[in-house]
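Asker: In our numbering, the protein residues as written are 60 to 299.
Virtual Cβ for every residue (Gly too), placed ideally from N, Cα, C.
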C-alpha cells in the first residue's frame, strides 16, 4: 500500500505528540513493506530541510509563501514583532490562503505521481490557529482518515475557552469529509465528537511507544519522584 501521512511537525524540529506518533508509525509501516510519504505545510520559521529520508520514509516540508531563515528564531523580539505586524495587517491571512492553494496542488500532483492509496491526517492543523477567517483545508482525491489527538476546538472547550466560529467550522469540515475517524483515546474520541458535532463511528487506536529508547540508569529507589512526558504546558496537566 502507498500511504501518505499529513503532518506539519515531523522531527527533527519543534514537535509534539503528533510529530512523535507520525514518525513512529511511518517508520513501522515502511518495515511492514508499505511505501510511506509524510508531507506537511509548515508554519513560518520552522526551519530544517525541505526534503529528506528517515529510515525509508520520504519526508516533504512545504512552506508558507512568506518564510525565511531569519524567522527561525521565533523567540527573538524582532521576529515576534514582525509576526504580530503581519498578523494584524492581514498579510498572514492572505499568505495562508495562497499557501493552502499551492499546498493543494502539490499534494494532488504527489498523490497522482506516487499512486497514493490512502491518507491519514490529524485533527490539529497548525495553520488554523493563525487564521482570522475561514480558510478550508484542501479536499483530496483519495480516502482520508482523520485521527483525533486534540484539535484547537477540543482543547479550548476542555479549558472553558471560547472557540472562534471560523476555527470550529474549519475543524468540523475536515471531519465531515473524512472517510473514517480514529482517536488516540476513548476520552478524546467522546469529547471531540461532542464538541465537533460528529456522530459517526470512531475507532480508538492508541499511539505507539518506542520501547527501544534508553532513559538512563539513575537510581530512583527510596525517593518520591514523578516522571512526566509531554509538552510543558498547562493543557497537558504539567502543573497538576
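Are the beta-carbon atoms of residue 202 and residue 238 separated by less than 8 Å?
Answerer: yes
Asker: For the region 94-104 against the region 206-214, do three or more pairs of beta-carbon atoms, one drawn from each stretch, fall closer than 8 Å, so that the two count as touching?
Answerer: Taking a contact to require three or more Cβ pairs closer than 8 Å, the region 94-104 and the region 206-214 do not qualify as touching.
Asker: Pull up the distance between the alpha-carbon of residue 230 and that of residue 282, whole angstroms please.
Answerer: 45 Å
Asker: Using 8 Å as the threshold, is the C-beta distance between residue 96 and residue 119 below it?
Answerer: yes
Asker: In the structure shown, what three-state DSSP assignment does residue 180 receive?
Answerer: strand
Asker: For a quick check, are the C-beta atoms of residue 61 and residue 90 less than 8 Å apart?
Answerer: no
Asker: Please check the pair residue 254 and residue 218, which I expect to be a contact at CB under 8 Å, by giving their CB distance rounded to whole angstroms.
Answerer: Contact doesn't hold; Cβ gap of about 12 Å is too wide.
Asker: Residue 158 and residue 199 look like a contact to me (Cβ under 8 Å); what is the Cβ gap, rounded to whole Å?
Answerer: With a Cβ gap of about 16 Å, residue 158 and residue 199 do not count as contacting.
Asker: By Cβ distance below 6 Å, which residues in the same chain neighbour residue 241 in space, the five residues on each side in sequence not counted?
Answerer: Closer than 6 Å at the Cβ level, and outside the excluded window around residue 241, lie 206, 262 and 264.
Asker: Look at the Cβ atom of residue 123, then the Cβ atom of residue 170, and state whether they are nearer than 8 Å.
Answerer: no
Asker: Can residue 101 be considered in contact with the ligand SAH, in the sense that its beta carbon sits closer than 7 Å to one or more heavy atoms?
Answerer: With respect to the ligand SAH, the structure shown offers nothing to examine, as it has no ligands at all.
Asker: Can you name, in chain order, every residue of its own chain whose Cβ lies under 8 Å from the Cβ of residue 233, other than the five neighbours on each side?
Answerer: 180, 182, 184, 196 and 205
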